[in-house]
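Scroll down for the structure; my scribbles are underneath it.
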Amino acid sequence: MQIGGIYSFNAGEAVIKTSHGDVLSEVEQIIASVDASTFKTKKSAEKTMQGRMLYSPKTLNRAVAEAFLVQGWQKHREYCEYPTEYYTSNYVPGKAIKGAFREMDFVKDRVGVEVQFGKYAFMVYNVAAKMTIFRNLGIIDVGIEIVPLKELAEQMSSGVSYFEQFVWDLKHRGISNIDIPVLILGVVP
10 MQIGGIYSFN AGEAVIKTSH GDVLSEVEQI IASVDASTFK TKKSAEKTMQ GRMLYSPKTL
70 NRAVAEAFLV QGWQKHREYC EYPTEYYTSN YVPGKAIKGA FREMDFVKDR VGVEVQFGKY
130 AFMVYNVAAK MTIFRNLGII DVGIEIVPLK ELAEQMSSGV SYFEQFVWDL KHRGISNIDI
190 PVLILGVVP
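Numbering (our numbering), first residue to last: 10 to 198.
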């Protein structure tokens, strides 16, 4: 795969290049090492793309994950204890919530990476909530979000979001005082 789009959210590109240039180079090499053509394996059953061969988001995501893990990147899981004091007095929960967690796809040298070949809501959640939470927990300082460009998303199942849409929304959302620097990378085969 190759990087076909770069968007710097909250000075993400400058911060990463200044403080984590070696990590950024490694991320670029990892992306380049994935041969996306081998993952055009999903035969569409959707009405609008009946019988068409598409890229499989799950297997493509798995290939990217394997490439990160080989380079020593780690998944980071934070277990959650959800508060119960906000339940109303007339509500009695059926059972305790156990095993809840939040997970960052990859972490290395205080850089968090999320790979999202799925629905749009997850892209926004990663940048506007999850990365901030992991910074507040002292796990990361900056983030990188890897998403498909429209060209790639059109060759996946319907509903997969893409870089251009995501960037438009982030630009129009603006930057909040709690947002961390994030570099958005749009990829294509």
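Ideal Cβ positions, reconstructed from N, Cα and C, are used throughout, including at glycine.
- A straight-line Cα-Cα distance of about 15 Å links residue 20 and residue 149.
- Scanning 83, 17, 68, 96 for the CA closest to the CA of residue 121 turns up 83.
- Contact annotation: residue 96 and residue 102 have beta-carbon atoms nearer than 8 Å.
- Contact between residue 163 and residue 132 is ruled out by a C-beta separation of about 16 Å, above the 8 Å threshold.
- When secondary structure is reduced to three states using DSSP, residue 39 falls in the helix class.
- When only Cα atoms are considered, residue 185 and residue 41 end up about 32 Å apart.
- In this structure residue 181 is exposed. Its beta-carbon is surrounded by fewer than 16 other beta-carbon atoms within 10 angstroms.
- With fewer than 16 other CB atoms across the displayed protein chains lying within 10 angstroms of its CB, residue 108 is exposed.
- Distance from the CA atom of residue 74 to the CA atom of residue 36, rounded to whole angstroms, is 11 Å.
- Residue 116 holds the alpha-carbon nearest to the alpha-carbon of residue 152 among 116, 179, 129.
- Residue 13 and residue 93 have their C-alpha atoms some 45 Å from each other.
- The DSSP-derived three-state label of residue 64 is coil.
- With respect to residue 191, residue 18 sits close: the two C-beta atoms are nearer than 8 Å.
- Taking all protein chains shown into account, residue 99 has fewer than 16 neighbouring C-beta atoms within 10 Å of its C-beta and is therefore exposed.
- Under the three-state reduction of DSSP output, residue 87 falls in the strand class.
- Per DSSP, residue 173 is one residue of the alpha helix (DSSP H) stretching across 172-182.
- The C-beta of residue 79 has fewer than 16 other C-beta atoms within 10 Å across all chains shown, which makes the residue exposed.
- Cβ-Cβ distances below 6 Å link residue 113 to 85, 121, 143 in the same chain, with the five nearest sequence neighbours on each side left out; the list follows chain order.
- Counting along the chain, the unbroken beta strand (DSSP E) around residue 113 starts and ends at 110-117.
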